[in-house]
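Input: a single structure, listed below in structure tokens.
Residue numbers (the working numbering): 8 to 84.
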């Protein structure tokens, strides 16, 4: 599947570039969900379980594609 690079703003992956898969016609999704985890240095020897976080594509931005952080996705969804 083809992919493009997009900026992520405002969340756990703020300012990072990631590859996002596009549709067969090259269209970006309206939202992406990224599983992210972490651990505080010295508090644990293993990362905490991944938590999915949602990013929504900015409608006004064309190039480069930009996604704004919406928040963590509840485990119920």
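Note that beta-carbon positions come from the ideal geometry of N, C-alpha and C, so glycine has one too.
Sequence-distant Cβ neighbours of residue 17 in its own chain, meaning closer than 6 Å and more than five residues away, are 75, 76. Comparing alpha-carbon positions, the option among 28, 23, 66, 34 lying closest to residue 9 turns out to be 28.
Here residue 15 is bridged, per DSSP, to 74.
When C-alpha distances from residue 58 are compared across 43, 33, 19, the shortest belongs to 43.
Secondary structure of residue 66 (DSSP, three-state): coil.
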